[in-house]
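Numbering (the numbering used here), first residue to last: 5 to 130.
What follows is a set of notes on a single structure, which appears directly below.
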Amino acid sequence: MSEFRNPLKTALGLGSAKYGVSHFVNQRLTAIALVFLGLYFLGLVICGAQGGYDVVHGAIAHPVNAVLVVAFVVAMCWHAALGVQTVIEDYVHSGWGIALQILNRFVFAVTAIAGVFAVVRIALGN
5 MSEFRNPLKT
15 ALGLGSAKYG
25 VSHFVNQRLT
35 AIALVFLGLY
45 FLGLVICGAQ
55 GGYDVVHGAI
65 AHPVNAVLVV
75 AFVVAMCWHA
85 ALGVQTVIED
95 YVHSGWGIAL
105 QILNRFVFAV
115 TAIAGVFAVV
125 RIALGN
């Protein structure tokens with residue numbers, strides 16, 4: 005079967021990068037998690053909208069709500085980073101691709117850390 009391959013393909017290293025399946029599975033798993041966590045978070049926001057800042061602060065300070073909000077923030081940032089990575093891989097064909105991939109990871113990592121930090125501060129009463 006290898007006699008049908010173009011020698012240029014072999015020389016350039018084109019073909020499977022051997023990570024596509026895990027990327028696909030991770031994107032689908034985070035999407036499924038976001039359906040349930042997003043509905044929970046939306047319910048938390050809608051219920052909190054009636055009572056104001058103190059009600060939302062108290063709700064997020066509850067340990068179960070804090071854990072679920074942290075899970076929502078982490079899943080959302082991970083899912084978004086995977087999606088943006090796919091867009092960059094598909095549509096950026098210049099030397100900027102690697103720099104944008106690094107920036108993508110950095111931005112979503114900082115966003116996730118900031119979100120988790122905010123929830124932890126609320127949950128610990130500070």
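The beta carbon of each residue, even a glycine, is placed where N, CA and C say it ideally should be.
On the three-state DSSP scale, how would you describe Ser98?
-> coil
For Leu128, which of helix, strand or coil comes out of DSSP?
-> coil
Are Val123 and Ala85 close, meaning C-beta to C-beta below 9 Å?
-> no
Report the residue from Gln89, Ala35 and His66 whose alpha carbon sits nearest the alpha carbon of Arg125.
-> His66
If you draw a straight line from the C-alpha of Gln105 to the C-alpha of Gly99, how long is it?
-> 11 Å
How is His66 classed by DSSP in three states: helix, strand or coil?
-> coil
Would Phe28 be called buried (16 or more neighbouring beta carbons within 10 Å of its own) or exposed?
-> exposed
May I ask you to report which of helix, strand or coil DSSP gives Gly42?
-> helix
Can you say whether Val51 is buried or exposed, counting buried as having 16 or more other CB atoms within 10 angstroms of its CB?
-> Checking the sequence shown, residue 51 turns out to be Cys, not Val. So Cys51 counts as exposed.
Smallest Cα separation from Ala127: which of Ile117, Asp94 and His61?
-> His61
Alpha carbon to alpha carbon, how far is Val49 from Thr90? Give it in angstroms, no decimals.
-> 30 Å
Under three-state DSSP, which class holds Gly47?
-> helix
Assigned exposure category for Ala103 - 16 Cβ within 10 Å defines buried = exposed
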